[in-house]
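Written out below as structure tokens is the structure these notes cover.
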Amino acid sequence: MTRPYAMLAKRIIPCLDVKGGRVVKGVNFIGLRDAGDPVECAARYDAEGADELTFLDITASHEQRDIIFEIVSATANQAFMPLTVGGGVRREDDVRRLLKAGADKVSINTAAVSDPDFVGAAARRFGAQCIVVAVDARRRGGDLELATDGGGTDGRPAWAGTYPELLVDGASADGWEVYTHGGRRPTGIDVVKWCRRMEELGSGEILLTSMDRDGTKQGYDCHLTAAVSDAVGVPVIASGGVGNPGHMFEGFTKGKADAVLAASIFHYGEYTIAECKEYLVERGVTVRV
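All letters in the sequence shown, in the order written, are residues 6 to 294 by the numbering used here.
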């Protein structure tokens with residue numbers, strides 16, 4: 006796959022996982038603890054030189070409620086850098102309202118699985134550059150403890166039987182499966198095939214989170230990231246597992262990512278964005294300084 010974005014400056018993107026109006030962080034999508042006020046975090050990361058900011062309302066889809074537009078608007082007023090917002094995006098009007106509230110891009114996750122054509126319709130109306138498809142990926146055959154909503158384990162979408170080519174290969178234990186509803190429901194969809202399909206429909210970017218690595222600080226799942234990066238031509242953002250600048254370097258080099266997402270190492274002051282960029286520059290990675 007030709008990747009026209011590969012030579013552009015690599016991006017470092019702090020992520021604000023928001024629940025109940027507060028930034029939170031957990032491990033493997035569970036055990037959430039408070040990490041601050043999203044508006045204050047946005048102002049700090051803007052001052053520190055973040056390339057972009059991602060705001061995810063992580064329980065909106067699970068709770069089947071509207072996005073917290075007022076907090077998004079207040080955050081956008083403090084973020085003078087590209088802002089991506091996701092969580093609970095179900096309709097084209099949600100995309101419109103988020104862009105009007107100050108978002109530069111809108112991330113679609115659960116709704117994309119429920120109705121893939123929604124991604125195409127949104128991309129046609131607002132432009133592919135505004136549409137990010139977020140993918141929560143879990144390695145098949147793992148023993149990861151998952152959050153649960155008590156709603157059973159079969160989250161396979163209604164259209165799955167019509168497009169069997171997108172499903173995981175039942176004869177193989179390799180690969181990754183797509184999860185939805187904040188990591189609560191498996192779908193039976195193969196991650197790499199799904200990302201390729203989302204690009205075909207018009208997604209301008211893939212936000213790829215390893216559920217297995219989320220919050221562990223063991224490093225990104227570079228095998229996962231590289232598999233998707235090799236399969237698509239749009240930018241891929243690596244997410245889940247960063248613990249130090251060395252993991253970012255691996256995400257860019259081994260994982261072939263165009264950007265890396267980080268949360269707890271910034272939220273709790275373990276590293277600054279400047280320290281991470283300095284580390285990368287010293288090792289030959291092109292970043293904006």
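Glycine included, each C-beta is placed from N, C-alpha and C at the ideal position.
Since the structure is predicted, the reported quantities are computational estimates derived from the model, not experimental observations.
How many angstroms separate the CA atom of residue i from the CA atom of residue j?
i: THR258; j: MET216; result: 21 Å
i: ILE278; j: ASP195; result: 33 Å
i: THR185; j: ASP109; result: 23 Å
i: ARG96; j: VAL77; result: 17 Å
i: GLY251; j: ALA163; result: 42 Å
i: ASP120; j: GLU287; result: 44 Å
i: ASP99; j: VAL44; result: 21 Å
i: PHE85; j: LEU285; result: 23 Å
i: VAL29; j: ALA165; result: 33 Å
i: GLY188; j: GLU280; result: 31 Å
i: GLU57; j: PRO87; result: 5 Å
i: SER269; j: ARG102; result: 29 Å
i: ARG129; j: GLY92; result: 21 Å
i: CYS46; j: PRO169; result: 43 Å
i: LYS24; j: GLU75; result: 14 Å
i: HIS228; j: ALA236; result: 12 Å
i: TYR273; j: ALA127; result: 36 Å
i: ALA55; j: ASN249; result: 16 Å
i: VAL94; j: LEU171; result: 22 Å
Between which two residues does the beta strand (DSSP E) containing residue i stretch?
i: CYS135; result: Neither: CYS135 is in no beta strand (DSSP E) and is coded neither H nor E.
i: PRO169; result: Run containing PRO169: none; DSSP gives neither H nor E here.
i: PRO191; result: 190–195
i: GLU210; result: 210–215
Between the Cα of residue i and those of the options, spot the shortest distance and give me the residue it belongs to.
i: GLY245; options: ALA139, LYS15 and ALA128; result: ALA139
i: ILE136; options: LEU229, ILE17, GLY209 and ALA236; result: GLY209
i: MET253; options: ASP235, ARG190, THR230 and VAL237; result: THR230
i: THR89; options: ARG101, ARG102, ALA79 and VAL111; result: VAL111
i: GLN262; options: PHE271, ASN114, GLU275 and ASP226; result: Note on residue identity: the sequence assigns Ala, not Gln, to residue 262. ALA262 has its Cα closest to that of ASP226, out of PHE271, ASN114, GLU275 and ASP226.
i: ARG190; options: GLN83, ASP62 and ASN114; result: ASN114
i: GLY220; options: PHE271, THR167 and GLY260; result: PHE271
In terms of residue numbering, what span does the alpha helix (DSSP H) encompassing residue i cover?
i: ASP98; result: 97–106
i: GLU45; result: 43–53
i: ILE76; result: 74–81
i: LEU285; result: 278–287
i: THR59; result: Where THR59 is concerned, there is no enclosing alpha helix (DSSP H), although the beta strand (DSSP E) it sits in stretches over 58–62.
i: VAL233; result: 227–236
According to the Cβ coordinates, are residue i and residue j closer than 8 Å?
i: ALA142; j: LEU206; result: no
i: ILE242; j: ILE18; result: yes
i: THR192; j: ARG218; result: no
i: GLY180; j: ARG202; result: no
i: HIS107; j: ALA81; result: Strictly speaking, residue 107 in this sequence is Gly, with His absent from that position. It is a contact, given that the beta carbons lie within the stated cut-off.
i: GLY224; j: GLU255; result: yes
i: ALA264; j: ARG49; result: no
i: ALA52; j: VAL292; result: no
i: VAL118; j: VAL183; result: yes
i: ALA267; j: VAL247; result: yes
Measure the beta-carbon distance from residue i to residue j and round it to whole angstroms, keeping in mind my assumption that it falls under 8 Å.
i: LEU21; j: PHE60; result: 5 Å
i: VAL173; j: CYS200; result: 14 Å between Cβ atoms; not a contact.
i: GLU204; j: VAL239; result: 5 Å
i: ILE73; j: GLY26; result: 6 Å
i: ALA116; j: PHE123; result: 6 Å
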